[in-house]
Amino acid sequence: MKENPIILGIETSCDETSAAVLCGDKLLGNVISSQIEIHRRFGGVVPEIASRNHLTAILPVIDEALKSAGVQKTELDAIGVTYGAGLVGALLVGVSAAKALAYSLGIPLYAVNHIEAHIAANYISTPELKPPFLAVVASGGHTGVCIVEGRNKFRMLTSTTDDAIGEAFDKVARAVGLPYPGGPEIDRLAKTGAPCITFIERKHKTQISYSGLKTAVINYLHTLEQRGVRPVIADVCASFQKTAVDMLADSAAAAIKKSGIKTIVAAGGVSANSYLRERLKAVGEELGCNVYFPPMSLCTDNAAMVAVRARDMIGECDPATLALNAKSYLKIGD
Ligand code: KG4
Ligand code: ZN
């Protein structure tokens, strides 16, 4: 493989159809077609509708990414595609398109783990970033602290014992009547409220668990409703957000102390959260660490991160065969 291969990244794991073109360290194009407006009326992503929309969007999105990058299909050296974790029907659209394209062009295909790609997004915004570092994973399906020991070596140190943080944000948002996706709505409203409600007592500082917190918020809302009292939604948002984020920030602090690693990055959709950014910066200052965040455009799902992850796999990991299938569940390091 040449020194600066031209890589096409493809991402269809949830409700964003995305394609990106990367040449070496340079991102030449990154097109994202979002289905958020379509799913909003249902209050969440409807898997069947997501798959159908990926089907109509995938080829135009790939063409647009190539066009914006000024690259012909025949100039591509490799393709990277998200094969898990995510919605199987949605993933299959990207995986099938990537297999067909790689086969017809006679170029290698790399099967990318979506969460590892979220972490790799940081290499785009912080090119000087080098393992080992700690990654605070905060997404819709995964949450925890991971140690990135090498470009292709990931090891989870702490994980949520139940729900993911993004899932909790979305469910709490729904319970207080905010539209999908709820994370950015809670972030926005929390700024106007006070974190004055104690939903749960946190006994173990380093444990990450969102199921009990989510239930506590819902019980709180029900109790007020039964008493005929209207909740102050901004305070509910600020209090929930503080508890949810503090759990992750405290785990990150514990991981820094235990590992002695002084570089942290944030990864996943919830890394766009303003309070999470504030808390991790504070942890970094307190413990003398460098803290990096992807830019907002690379926090939620995009194919640029998939292309970057694939670039690191070239020459280090076996390319995928045509037997590659989508996986709904995939852990970091799988
Ligand atoms: O990482 P991601 O794309 O999902 C998975 O890969 O699973 O993240 C999507 C999640 C959603 O739950 C969304 O509500 C949340 O990221 N999110 C946020 C913010 N922006 C997106 N959560 C809190 N604050 C935000 N500003
Ligand atoms: Zn994601």
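FYI, in the working numbering the residues of the sequence shown are 321 to 654.
We put the beta carbon where it would ideally sit given N, CA and C, even for glycine.
When DSSP builds the beta bridges, which residues end up paired with residue i?
i, result
"Asn610", "Thr583"
"Thr478", "Val465"
"Val456", "Val465, Ala586"
"Ile327", "Leu342, Ala398"
"Ala431", "Val401"
"Lys473", "Gly470"
Closer than 6 Å by C-beta to residue i: which residues in its own chain qualify, once you throw out the five before and the five after it? Chain order, please.
i, result
"Lys562", "Pro515"
To the nearest whole angstrom, what separates the beta carbons of residue i and residue j, a pair I think is in contact under 8 Å?
i, j, result
"Ile538", "Ala495", "5 Å"
"Ile327", "Ala630", "5 Å"
"Leu342", "Ala572", "The Cβ separation is near 29 Å, so there is no contact."
"Ser459", "Gly364", "The pair is not a contact, with the Cβ atoms about 16 Å apart (cut-off 8 Å)."
"Leu533", "Phe560", "7 Å"
"Ala377", "Ser416", "The pair is not a contact, with the Cβ atoms about 14 Å apart (cut-off 8 Å)."
"Ile528", "Ser479", "7 Å"
"Ile444", "Ala624", "6 Å"
"Cys637", "Tyr430", "7 Å"
Given that a residue counts as buried once 16 or more other Cβ atoms are within 10 Å of its Cβ, and exposed if not, what is residue i?
i, result
"Gln392", "exposed"
"Ile356", "exposed"
"Ala643", "exposed"
"Gly604", "buried"
Determine the DSSP secondary structure at residue i, reduced to helix, strand or coil.
i, result
"Gly409", "helix"
"Asn350", "strand"
"Ile378", "helix"
"Glu336", "strand"
"Lys601", "helix"
"Gly532", "helix"
"Ser648", "coil"
"Cys637", "coil"
"Tyr500", "coil"
"Arg360", "helix"
"His524", "coil"
Once the 5 residues before and after residue i are set aside, which same chain residues still bring their CB inside 7 Å of it?
i, result
"Lys601", "Val611"
"Gly608", "Lys582"
Among residues of its own chain, excluding the 5 on either side of residue i, which ones have a beta-carbon nearer than 8 Å to its beta-carbon?
i, result
"Lys451", "Going by the sequence as given, residue 451 is Pro instead of Lys. Val468, Glu469, Gly470, Arg471, Lys473, listed in sequence order."
Give the residues whose C-beta lies closer than 7 Å to at least one heavy atom of the ligand GTP, in chain order.
As far as ligands go, the structure on display features the ligand KG4 and the ligand ZN and does not contain the ligand GTP.
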